[in-house]
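Residues 1 to 186 (my numbering) are what the sequence shown spells out, left to right.
Where a beta carbon is used, it is the ideal one built from N, C-alpha and C, also for glycine.
Heads up: the structure comes next, in structure tokens.
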Amino acid sequence: MHIFDAISERRSIKAFTDRPISREEIEQLLSVAILAPNHRMTEPWRFYVMGPEARAGFGKALGLRKAKRVDDPDAKVAVIHKVEATHRDLPAMLAVAMTLDENPEIREEDYAATYMAVQNLCLAAVALGLGSHVKSGAVMDDPKARQAIGVAEGERVIATIALGEPAAVPEAKLRRDADELTTWAP
Ligand SMILES: Cc1cc2nc3c(=O)[nH]c(=O)nc-3n(C[C@H](O)[C@H](O)[C@H](O)COP(=O)(O)O)c2cc1C
């Protein structure tokens, strides 16, 4: 598959089929994720492949956070169960973490590099006929979420990636033309 096609066809996939994702497929994706550029070869990325139990634990942690915005006690419980089940039922999910250098400049570069690894993985997924959905947010720092992931102390979780065979591929979102956002310096 041409790289331009993989980039154009990638979407954040919200619904997956029941087709299981094999360890080999995930290993293939990780083998190209780690080819991302990284200053000083810090290789800051760390990958946590989450099984059903870990996914459910993460979903519960996220559900508990979402439930805080719900008043009705039954509705609260329903939210928690729903988010837990949605995560458990995913074909595959990874958490991506980064090492935290003491030097803030290196830390910032390492954050950028780790997201480049995330993008490599998402584009490679397209080439394998798979879909991905990258998510981030405050739940990344939630102790219950971190525990579910099993992330090592001193690492920062920067993203989760849901993976699977797309059940539906959304239309491309409208984006501003690159021309509008580009300045050509003389
Ligand atoms: C750093 C980052 C965080 C994201 N977090 C979320 C999220 O918490 N929930 C979500 O539904 N999508 C999340 N997304 C996906 C974006 O919403 C999505 O990429 C955007 O709407 C464009 O759609 P597309 O990926 O299909 O082109 C995240 C994407 C990035 C890069």
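Rounding to the nearest angstrom, what Cα-Cα distance links Phe195 and Phe58 in this structure? Given a span of 1 to 186 for the chain in the structure shown, any question on residue 195 remains unanswerable.
How is the beta strand (DSSP E) around Leu94 delimited, first residue to last? Ala92 to Thr99
Where does Pro166 fall in DSSP's three states? strand
Kindly indicate which three-state DSSP category Ser136 falls into: helix, strand or coil? coil
Going by the beta-carbon positions, is the gap between Arg19 and Glu165 smaller than 7 Å? yes
Quick one: measure Cβ to Cβ for Ala127 and Ile26, integer angstroms, because I've assumed they're closer than 8 Å. About 14 Å; that fails the 8 Å criterion.
List the residues that DSSP assigns as beta-bridge partners of Tyr48. Ala95
beta-carbon Arg188 near ligand 1 non-hydrogen atom, thresh 6 Å: Because the chain in this structure spans residues 1 to 186, residue 188 falls outside the shown range and cannot be described.
What residue range is occupied by the uninterrupted alpha helix (DSSP H) comprising Pro104? Pro104 to Ala127
Beta-carbon proximity of Thr114 to Pro37, cut-off 7 Å: no
Measuring CB to CB, does Leu121 end up less than 7 Å from Ile21? no
Looking at ligand 1, does it come within less than 6 Å of Gly137, judged from the CB to the closest heavy atom? yes
Let's test the definition: count the other Cβ atoms within 10 Å of the Cβ of Lys60 and tell me whether it reaches 16, buried, or not, exposed. buried
From Asp74, Leu100 and Val118, pick the residue whose C-alpha is nearest to that of Ala152; which is it? Leu100
Ligand 1 heavy atoms versus the CB of Lys66: any closer than 6 Å? no
Exposure label - Glu84; buried when at least 16 CB within 10 Å: buried
Output needed for Arg176: all residues of its chain with C-beta closer than 8 Å, excluding positions within five of it in sequence on either side, in chain order. none
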